[in-house]
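Taking it in order: structure first as structure tokens, then the write-up.
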């Protein structure tokens, strides 16, 4: 009995630790604070605060919404899409809700935020040459508690890591919700800090990690073709090393497909028309690897003439401002021409 | 591998401990070998390329120690010691100071010098000093280790390998000779775990929490920013507490992890910011290093045996070398020199005071001494943390108000309007950083200056035994005192707050030294 006393004491301490961690995990917070905090943590995710504001605080309709990565962020100017559609008789309000990195879990969260709060006609979902393996790095920052718990465990390489991070995230958001001004956050929407209807990043170099005041001129993006080819070769070389035979069919690769399917199912459930915007890398394939599956949900649009022109690219993955201008107009026209 | 990481706490430590006690049931030697191998794995986790350096150092020092122990008294013995310690210092000098030396010679002579950046092997300052102490103790006949496995374990023992405490063979290795060290002791294990939790909390929650308020001020000053009075003090105090809780947290973790396998390590911190004088501060701060410097540098230099002038010179030299031990930069020399001067002034004052017809130290005098000591230590930390004298000078100028006194505009609006007469000016959008910086600083000031330290807390709460006494006797299960349940709740909460922060493990500041 005497020998077991210290261990019993340790067991009590351990139980309290677990209970305390659970308590921290269940602390409530404001969802607006969560989106703001994500924007604060990474310049590349600066847009998510605006995305929340556009969905929740700006009553202007959202008819067409783009969901995607930096490929869409660099290549779609929502105003130009609107203007092109307008020429074809559609007075649509278009938003570009793309954020850097390909991770369908985050796309699902943004699409859900949008579709559960606004009526949308068309959801344009970016697709690249294939779905990636890794989850989106910002998934934990934006996800609801239930999303983290309910994420498919076996195929999610971040599952345990996300769980370990939850108590700190929840505690941190709880404190920020109590005293947002101490951390430079807003408890309520302030129109003075709202970007407006559009957040156009096509004039910003890829990376999006400079201050937004550092907008570059069109000339900045004019690359010699040789440089573009060198970038492309480097990417190809990396791709050959990563895409080993059979790897694409391994279990973790299912993760992004699962979330893509969730996203598409949600859109269908809400009666939203789904369109895919295919923007692969420079000289990439002409159709996505999962074309057969995607075609069942909606048409796959790709501005091939723009993509085939080396002058449209700022690097091996992203269109430059010239390419964005052409792709946006093309996209607006194509969307407008689609049968209702 | 960091103590404050999941791979250490959930994988390395359980495997190592279970293996140690299981193997220890059958063979002490094999258990010691297991622990030594685990320690080398622990070390190699960062960068395996440093392992050959560590192992070479261990082998050479083991052989030189054996040579010293067997050499006859006299010249040869002394020569062997000089060669071995000189070799250690040469290796340390090469890895740590070669670039510094070449760059400075180049600047002084105007010669163009090219230097290749030499990577500093992790923990080299600590394992070199540990082994120098062993060599000297061997020379003095206080240490003998014939078993190479035990010697390897002595040097590489993972709780102390990277950042101390600097241990002595005579303190630690007799514990590995005891049979009961290899037998699982619930009370030692749990009290070790309590100390580990306190250390984790200090490091992961307190030190890493306040770190965010020190770095920007120091970084800004290096870049040319002019911190005002409160910014400069806020940043300097934040670093003062970050360093203390970071390093004392690490030391607690080391002591706790070691106690879990029935081996006591010496304490390294004893509420240093509560010291009433600089002399006392150095008896409470990084105790294993200050003891090393006293025993192996200050006293051999002559200590206080050769008159006042020589004593003060020895003090200054010891502290300057102690400063340089922390890093190859003139700012560390300045920090050490400043502390050397502090000690000289303190000794001089002590001599003067004893000649005065005044009663024993009263509370007020003690409090005043604590305040002066604390301020002096904070000022010195500015040189310790700054990477340039320009940055340090800018911060010190800010600390005396040379860059004005800024207050958040939101606060100024609520204060009497004549603040401008006092030189205060409002600064926009700084309320958040201001409140957080000073909230953290004042909270940690209370923890550091008022609350009991780890060893006091453990002694009062868990056991009558002194778990920080390294003399080789092991407390048995009867040492357990059945602490109140409230402490289990409190420790559970502290553990949760520490574990919560494990997902962003930050290296210990002393890993850089």
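Chains as they are written, first to last, in my numbering: chain G, -4 to 335; chain E, 62 to 574. Glycine residues also receive a C-beta, built at the ideal position from the N, C-alpha and C atoms. Keep in mind the model is a prediction, meaning the values are calculated, not measured.
Buried/exposed call for residue i, threshold 16 Cβ in 10 Å
{"i": "residue 77 (chain G)", "result": "buried"}
{"i": "residue 86 (chain G)", "result": "exposed"}
{"i": "residue 411 (chain E)", "result": "exposed"}
{"i": "residue 541 (chain E)", "result": "buried"}
{"i": "residue 449 (chain E)", "result": "exposed"}
{"i": "residue 442 (chain E)", "result": "buried"}
{"i": "residue 240 (chain G)", "result": "Bear in mind that a pLDDT of 49 at residue 240 (chain G), under 50, signals an unreliable position, so the number given afterwards is only what the model happens to contain. Looking at its Cβ environment, which holds fewer than 16 other Cβ atoms inside 10 Å, residue 240 (chain G) is exposed."}
{"i": "residue 101 (chain G)", "result": "buried"}
{"i": "residue 220 (chain E)", "result": "buried"}
{"i": "residue 291 (chain E)", "result": "buried"}
{"i": "residue 67 (chain G)", "result": "buried"}
{"i": "residue 225 (chain E)", "result": "buried"}
{"i": "residue 152 (chain G)", "result": "exposed"}
Cα-Cα separation, residue i to residue j
{"i": "residue 536 (chain E)", "j": "residue 524 (chain E)", "result": "Reliability fails at residue 536 (chain E), whose pLDDT of 49 lies under 50, so the model's placement of it is uncertain and no value is given."}
{"i": "residue 284 (chain E)", "j": "residue 143 (chain G)", "result": "41 Å"}
{"i": "residue 218 (chain E)", "j": "residue 100 (chain E)", "result": "6 Å"}
{"i": "residue 329 (chain G)", "j": "residue 90 (chain G)", "result": "16 Å"}
{"i": "residue 390 (chain E)", "j": "residue 280 (chain E)", "result": "17 Å"}
{"i": "residue 94 (chain G)", "j": "residue 39 (chain G)", "result": "8 Å"}
{"i": "residue 102 (chain E)", "j": "residue 76 (chain E)", "result": "12 Å"}
{"i": "residue 553 (chain E)", "j": "residue 123 (chain G)", "result": "48 Å"}
{"i": "residue 98 (chain G)", "j": "residue 127 (chain G)", "result": "7 Å"}
{"i": "residue 31 (chain G)", "j": "residue 52 (chain G)", "result": "14 Å"}
{"i": "residue 71 (chain G)", "j": "residue 92 (chain G)", "result": "10 Å"}
{"i": "residue 492 (chain E)", "j": "residue 468 (chain E)", "result": "8 Å"}
{"i": "residue 49 (chain G)", "j": "residue 192 (chain G)", "result": "7 Å"}
{"i": "residue 503 (chain E)", "j": "residue 214 (chain E)", "result": "42 Å"}
{"i": "residue 128 (chain E)", "j": "residue 309 (chain E)", "result": "36 Å"}
{"i": "residue 425 (chain E)", "j": "residue 407 (chain E)", "result": "18 Å"}
{"i": "residue 423 (chain E)", "j": "residue 352 (chain E)", "result": "28 Å"}
{"i": "residue 96 (chain G)", "j": "residue 65 (chain G)", "result": "6 Å"}
Cβ distance (whole Å) where residue i is taken to contact residue j below 8 Å
{"i": "residue 241 (chain E)", "j": "residue 323 (chain E)", "result": "7 Å"}
{"i": "residue 397 (chain E)", "j": "residue 380 (chain E)", "result": "5 Å"}
{"i": "residue 301 (chain G)", "j": "residue 331 (chain G)", "result": "Not really, about 17 Å apart at Cβ, beyond 8 Å."}
{"i": "residue 266 (chain E)", "j": "residue 559 (chain E)", "result": "6 Å"}
{"i": "residue 497 (chain E)", "j": "residue 289 (chain G)", "result": "The pair is not a contact, with the Cβ atoms about 48 Å apart (cut-off 8 Å)."}
{"i": "residue 637 (chain E)", "j": "residue 289 (chain E)", "result": "The structure shown does not extend to residue 637 (chain E), since chain E spans only 62 to 574, so no value can be given for it."}
{"i": "residue 24 (chain G)", "j": "residue 169 (chain G)", "result": "5 Å"}
{"i": "residue 393 (chain E)", "j": "residue 399 (chain E)", "result": "Rounded, the Cβ-Cβ distance is 11 Å, inconsistent with contact."}
N-terminal and C-terminal residue of the alpha helix (DSSP H) that residue i is part of
{"i": "residue 139 (chain G)", "result": "Residue 139 (chain G) -> no alpha helix (DSSP H), and no H or E assigned at all."}
{"i": "residue 365 (chain E)", "result": "Residue 365 (chain E) -> no alpha helix (DSSP H), and no H or E assigned at all."}
{"i": "residue 85 (chain E)", "result": "74 to 85"}
{"i": "residue 292 (chain E)", "result": "290 to 320"}
{"i": "residue 343 (chain E)", "result": "339 to 345"}
{"i": "residue 547 (chain E)", "result": "546 to 561"}
{"i": "residue 413 (chain E)", "result": "391 to 416"}
{"i": "residue 446 (chain E)", "result": "424 to 446"}
{"i": "residue 324 (chain E)", "result": "No alpha helix (DSSP H) contains residue 324 (chain E), which DSSP labels as neither H nor E."}
{"i": "residue 352 (chain E)", "result": "348 to 354"}
{"i": "residue 113 (chain E)", "result": "112 to 131"}
{"i": "residue 66 (chain E)", "result": "Neither: residue 66 (chain E) is in no alpha helix (DSSP H) and is coded neither H nor E."}
{"i": "residue 160 (chain E)", "result": "136 to 170"}
{"i": "residue 522 (chain E)", "result": "515 to 522"}
N-terminal and C-terminal residue of the beta strand (DSSP E) that residue i is part of
{"i": "residue 269 (chain G)", "result": "268 to 273"}
{"i": "residue 369 (chain E)", "result": "Unbroken run through residue 369 (chain E) is the alpha helix (DSSP H), 369 to 387; no beta strand (DSSP E)."}
{"i": "residue 59 (chain G)", "result": "59 to 62"}
CB contact check: residue i to chain C, cutoff 8 Å
{"i": "residue 134 (chain G)", "result": "Absent here is chain C; the protein component of the structure consists of chains G and E."}
**Prompt:** Can you give, in chain order, each stretch of the beta strand (DSSP E) that sits fully within the segment 454 to 496 of chain E and has at least 3 residues?
**Reply:** Within the segment 454 to 496 of chain E, the complete beta strand (DSSP E) runs of at least 3 residues are 466 to 469, 485 to 488.
**Request:** Quick one: which unbroken alpha helix (DSSP H) runs of 4-plus residues sit fully inside the segment 233 to 280 of chain E? Chain order, please.
**Result:** Segments of the alpha helix (DSSP H) lying fully in the segment 233 to 280 of chain E: 247 to 261.
**Item:** Completely contained beta strand (DSSP E) runs for the segment 81 to 150 of chain G, where each covers 3 or more residues
**Value:** Segments of the beta strand (DSSP E) lying fully in the segment 81 to 150 of chain G: 89 to 91, 117 to 122.
**Message:** If we require 4 or more residues per run, which alpha helix (DSSP H) segments fall completely within the segment 193 to 221 of chain E?
**Reply:** Counting only runs of 4 or more, we get 209 to 217.
**Message:** Suppose only complete runs of 4+ residues qualify. What are the alpha helix (DSSP H) ranges in the segment 273 to 302 of chain G, listed by chain order?
**Reply:** Counting whole runs of 4 or more residues, the segment 273 to 302 of chain G contains the alpha helix (DSSP H) stretches 286 to 290, 299 to 302.
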